[in-house]
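Enquirer: Straight run, no breaks: the sequence shown in my numbering ends on number 203.
Glycine included, every Cβ here is placed at the ideal spot set by N, Cα and C.
Small disclaimer: the values here were computed from a predicted structure and weren't measured.
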Amino acid sequence: MIKDRKRHITDCLVITGGLVIIGFLKDLQILYYIAAVIAISSALIPFVAKIISYLWQGLGKALGFVVSKILLSAIFYLFLFPISLLQKLFSRKKSIITKRNHTYWIKKEKKEIDFSKPW
Numbered sequence: 085m086i087k088d089r090k091r092h093i094t095d096c097l098v099i100t101g102g103l104v105i106i107g108f109l110k111d112l113q114i115l116y117y118i119a120a121v122i123a124i125s126s127a128l129i130p131f132v133a134k135i136i137s138y139l140w141q142g143l144g145k146a147l148g149f150v151v152s153k154i155l156l157s158a159i160f161y162l163f164l165f166p167i168s169l170l171q172k173l174f175s176r177k178k179s180i181i182t183k184r185n186h187t188y189w190i191k192k193e194k195k196e197i198d199f200s201k202p203w
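1) Measure the C-alpha to C-alpha separation of Q141 and K153 and round it to an integer number of angstroms.
2) If distances are taken between C-alpha atoms only, which option among L164, L103, K90 comes closest to V121?
3) Just the Cα atoms here: how many angstroms apart are D88 and G101?
4) Mind checking D95: buried by the 16 CB within 10 Å criterion, or exposed?
5) State the CB to CB distance for the pair H92 and K145, rounded to an integer number of angstroms; the pair is presumed to be in contact (CB under 8 Å).
6) Just mark I190 as buried or exposed, buried being the case when its beta carbon has 16 or more other beta carbons within 10 Å.
7) Give me the Cα-Cα distance between K90 and Y117, rounded to the nearest whole angstrom.
8) I'd like the span of the alpha helix (DSSP H) that includes K145, first residue to last.
9) Cutting at 6 Å between CB atoms, please list the residues of its own chain near A123, excluding the five before and the five after it.
10) Which runs of the beta strand (DSSP E) at least 3 residues long sit entirely within the stretch 97 to 130? Give them in chain order.
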């Protein structure tokens, strides 16, 4: 219970600090007032801190879900796809299939050991 309370207060303080820093950098006075309301209300009313913390954590999870998909897609299309295209364009064909062979099957002679120990 105490750990949860500390976590909720910590989340509210992080939000408050972030709002103060953004307000200072962007010269927005309204962010100071919002930060003060969040800090005072979360310090005095634990339920408010809990709600703000859950909203903050939910926002983090939602952003993590979306951003991870975007980053993985960007890495694939910006790095892996061009590298594989270049590799296919400039490498010699090392495929098993040639004009002689029209299949991937390789004929193998069967031995007695193949039937006694299949794996």
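Expert: Let me spell this out:
1) 19 Å
2) L103
3) 20 Å
4) buried
5) The pair is not a contact, with the Cβ atoms about 16 Å apart (cut-off 8 Å).
6) exposed
7) 23 Å
8) 130 to 159
9) T100
10) none
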